[in-house]
Each structure stands twice: as structure tokens, then as C-alpha cells.
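The block underneath contains the structure these notes are about, expressed in C-alpha cells.
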Amino acid sequence: MGGCAGSRRRLSDSEGEETVPEPRLPLLDHQGAHWKNAVGFWLLGLCNNFSYVVMLSAAHDILSHERTSGNQSHVDPGPAPIPHNSSSRFDCNSVSTAPPGSCQWDLCCWKLRPGCLFSFCGDQPGCYFLLLTSPEAQDPGGEEEAESSARQPLIRTEAPESKPGSSSSLSLRERWTVFKGLLWYIVPLVVVYFAEYFINQGLFELLFFRNTSLSHAQQYRWYQMLYQAGVFASRSSLRCCHIRFTWALALLQCLNLAFLLADVWFGFLPSIYFVFLIILYEGLLGGAAYVNTFHNISLETSDEHREFAMATTCISDTLGISLSGLLALPLHDFLCQLS
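Heads up: the sequence shown begins at 1 in UniProt numbering, then just goes up one per residue.
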């Protein structure tokens, strides 16, 4: 046995043939890179959303602190705020918790500057440079193959296929055609985000119950926590539940908005626990609309249109949040002026 093996080895060396590597090693390396990329993207998403969620959840506390301690930040003071209306049944802050994102970001960095800086300067670059693995060329023999391999996704779910083009090669007419087809997904997602952020940043502060042991700030934090819990659960449920018609989710979210707005005006709900259940349900609807929208687009668009379609649909949440903030601000001022 040893002599035969030695003869084969010498014969292979004499003929100049290279030893064929075992096929399992590249497979193990690919699996390891897949999990590193999966963990890296998960951490990047966590870091990206953490500061935003903290900012929204702490909005009531930040504004309350500003009211009691005055403007002691490094930012120049603006116009005089509306006086705190403690006689109102809403127990309003002087400023709504629903300003646009840039204003809330300024308020957050009054108060949370070390955490904000750490979220962006410790975490995200570390995940990007240390965890994410850039794909290497499978056959380094040709520049064309190396360039094609470098364009493959970091996390592969199936065998790579040759793609005829990318979004950068689309003509203006093609982009317009794709955009018109995306309206079926963009419009309901805008409606969902408008309704849920009108509730979150416009109505949460006004849904104040005095017949409970929770303070106003504690009620607001519980509202935000339950909403985020519902979003987390529904965004993680795609493998269990796939929803094709996201218009239904938009309609249900609008019904939530109408119901809670009616309760703010008439005050007919007897207990805060009813609101807890509605807000948890609101988060489930919002997360389901988001994840199913992008999942449906990934399935129903062609390879050359998918990148452009995904990037274009990302405007939905920004547009919905901005519109809700613009309407929630005057609503807050109007209701808080009521005795």
C-alpha cells in the first residue's frame, strides 16, 4: 500500500500535476463566511436602529427635563415654547414628541451625546471592517471572472447566476416603468408608516390615564416598548407568515389610528391595558407591512431591476414619517390648548 502510494505521488510530481484540494474545505470556509456576514449585518441593523429607538422612547422624558431645567444645552435657544398646560387632561409637554427626525436628534444629543457617539463610532465601523467578508474570486485566472465574483452578494442563498445588467445600466424610461409598478407596494407602506408614526409620536403623549399607578413618562415608555416588541416579532415572522396584499395591513393600521384618535378626543377606554393591546397590535401590523413589502419586491422583480426597486421603496418610511410629523404638531398644539 505504501509503495503504491509513493509511486502515485512520484508519478504525479513528474507529470507536473497539482494536488486536488479536498472539496469540504471550501464548503466549510463558505459556511463560516456566511455566518460571519449574517452576524455582521444583524449587528449593523441593531446599531442603526438602536439610537433611533432610544431617541423616540426617551422623547417624553427629554422634553419634560427641558421644561423643568430650562435650555442648558450648547444649542442656541429657539423661540419661546408654549407654556406647559398642566390643567389639560392630556398633561401636555410644551413641545410635541412628534417633530421631524432632525429636531429629535438634536434633543437626543443634548442628553445622550456619549451614547449617540458610541453607537456610531465604536460599533458600526467595527462590524463592517472586522466581521463582513468580501467575496473572493473563485478562479483567479481571469480578470473578468474576478470582477464578476466581486459583484456577488455577501450572503448567498443559492448558486450564483450570471446577471445581464445592474440598476446603474437602466435607462430613465426603464426606471420610470419600474417605479410605476412599485407604487402597488410604495403607497401602502407610506400609509402604514404615516398611520403608525402619527399614533406613536402624535397620540402616545395624549393617551394619558390618571387611574393607574404608572406616571405619564412611564406610560409613554410602555407604549414605545410594546410597539417595538410587536415590530420585532412581526419582522422576524416572515418564514411563518407571508402576506401578499399589504394594502390590507395599511387599512387595518388606519383603523387603529382612527380608533385611538377617537379615544384621545372622547376618552371612552376605561383602562390603559386596552391601549397596551392596541399598540402591540399596531407594532405587529407595522413590522409585517415592512418585511412583506420588501420580500414581495425581491420575489417579483427581475434581477436587473431588483437593486433599483429596493432602493426606491426605501423612501416609503421616510415619506410616511415626515408627513405624520407635519400633521401631528398642529394637532398636539390644538388639543393641549383645550381645558
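Even glycine gets a Cβ: it sits at the ideal position worked out from N, Cα and C.
(1) Can you tell me whether asparagine 48 is buried or exposed? The criterion is at least 16 other CB atoms within 10 Å of its CB, across all chains shown.
(2) Evaluate contact between the region 255 to 272 and the region 206 to 218, counting only Cβ atoms and requiring at least three cross-stretch pairs below 8 angstroms.
(3) Is the beta carbon of leucine 238 less than 8 angstroms from the beta carbon of valine 291?
(4) State yes or no: is the C-beta of valine 192 within less than 8 angstroms of the C-beta of leucine 249?
(5) Taking a contact to mean a Cβ-Cβ separation below 8 angstroms, would you say threonine 312 touches leucine 182 in this structure?
(6) Could you tell me the distance, in whole angstroms, from the CA atom of histidine 34 to the CA atom of phenylalanine 308?
(7) Measuring alpha carbon to alpha carbon, tell me which residue in Phe276, Glu304, Leu189, Phe90 is nearest isoleucine 244.
(8) Rounded to a whole number of angstroms, what is the C-alpha to C-alpha distance between glycine 230 and lysine 180?
(9) Do you know whose CA, among Ser316, Phe334, Trp42, Gly45, lies nearest leucine 203's CA?
(10) Tell me the rounded alpha-carbon separation between phenylalanine 198 and leucine 327.
(11) Expressed to the nearest angstrom, what Euclidean distance is found between the alpha-carbon atoms of serine 91 and cysteine 336?
(12) Give a yes or no on whether the C-beta atoms belonging to glycine 287 and arginine 221 are separated by under 8 angstroms.
(13) Using the C-alpha atoms, what's the distance from histidine 30 back to proline 100?
(14) Do valine 178 and histidine 305 have their CB atoms nearer than 8 angstroms?
(15) Work out the CA separation of leucine 261 and glycine 325 for me, nearest whole Å.
(16) In whole angstroms, what separates the C-alpha of valine 53 from that of leucine 280?
(17) Ordered along the chain, which non-local residues of its own chain (more than five positions away) have a Cβ less than 6 angstroms from that of lysine 36?
(18) Taking arginine 89 as the reference, give the member of Ala195, Pro330, Trp265, Leu319 with the closest Cα.
(19) Can you tell me whether glycine 267 is helix, strand or coil according to DSSP?
(20) Given glycine 320, which residues of its chain have a CB within under 6 angstroms of its CB, disregarding the five upstream and five downstream residues?
(21) Given alanine 80, which residues of its chain have a CB within under 6 angstroms of its CB, disregarding the five upstream and five downstream residues?
(22) Are there 16 or more other CB atoms within 10 angstroms of the CB of histidine 332, so buried, or fewer, so exposed?
(23) Output the distance between the C-alpha atoms of threonine 301 and leucine 329, rounded to the nearest integer angstrom.
(24) Which residue from Ser298, Glu196, Ile315 puts its Cα closest to that of phenylalanine 259?
(25) Under the rule that 16 or more other beta-carbon atoms within 10 Å means buried, what is threonine 246, buried or exposed?
Put simply:
(1) Per the 10 Å Cβ criterion, exposed.
(2) Contact holds: three or more Cβ-Cβ distances are below 8 angstroms.
(3) Contact: yes.
(4) Between valine 192 and leucine 249, the C-beta gap is smaller than 8 angstroms, which places the two residues in contact.
(5) Result yes, Cβ atoms of threonine 312 and leucine 182 sit closer than 8 angstroms.
(6) Roughly 24 angstroms separates the two Cα atoms.
(7) The question names isoleucine, but residue 244 is arginine in the sequence shown. Closest option to arginine 244, Cα to Cα, is Leu189.
(8) If I take the Cα positions, the gap works out to 31 angstroms.
(9) Among Ser316, Phe334, Trp42, Gly45, the Cα nearest to that of leucine 203 belongs to Phe334.
(10) If I take the Cα positions, the gap works out to 8 angstroms.
(11) At residue 91 the sequence reads aspartate, which differs from the serine that was named. Distance between the alpha carbons of aspartate 91 and cysteine 336 is about 8 angstroms.
(12) Contact: no.
(13) Here proline 100 scores only 48 on pLDDT, less than 50, and its place in the model is too uncertain to base an answer on.
(14) Their beta carbons are under 8 angstroms apart, which means valine 178 touches histidine 305 by this criterion.
(15) C-alpha separation (whole angstroms): 15 angstroms.
(16) Each residue's Cα considered, the two are about 16 angstroms apart.
(17) Excluding sequence neighbours, lysine 36 sits near Leu131, Thr133.
(18) Of the candidates Ala195, Pro330, Trp265, Leu319, the one whose C-alpha sits nearest the C-alpha of arginine 89 is Trp265.
(19) Glycine 267 carries a coil assignment under DSSP once its states are collapsed to helix, strand and coil.
(20) The answer, listed in chain order, is Val190, Tyr193, Phe194.
(21) Confidence at alanine 80 is low in this model, with a pLDDT of 42, below 50, so the placement of that residue should be treated as unreliable; the coordinate-derived value is given next. Excluding residues within five positions, none has a Cβ falling inside 6 angstroms.
(22) Sixteen is the threshold: when 16 or more other Cβ atoms of the shown chains lie within 10 Å of the Cβ of histidine 332, as they do, the residue is buried.
(23) Distance between the alpha carbons of threonine 301 and leucine 329 is about 38 angstroms.
(24) Measuring from the Cα of phenylalanine 259, the nearest candidate turns out to be Glu196.
(25) Threonine 246 should be labelled buried.
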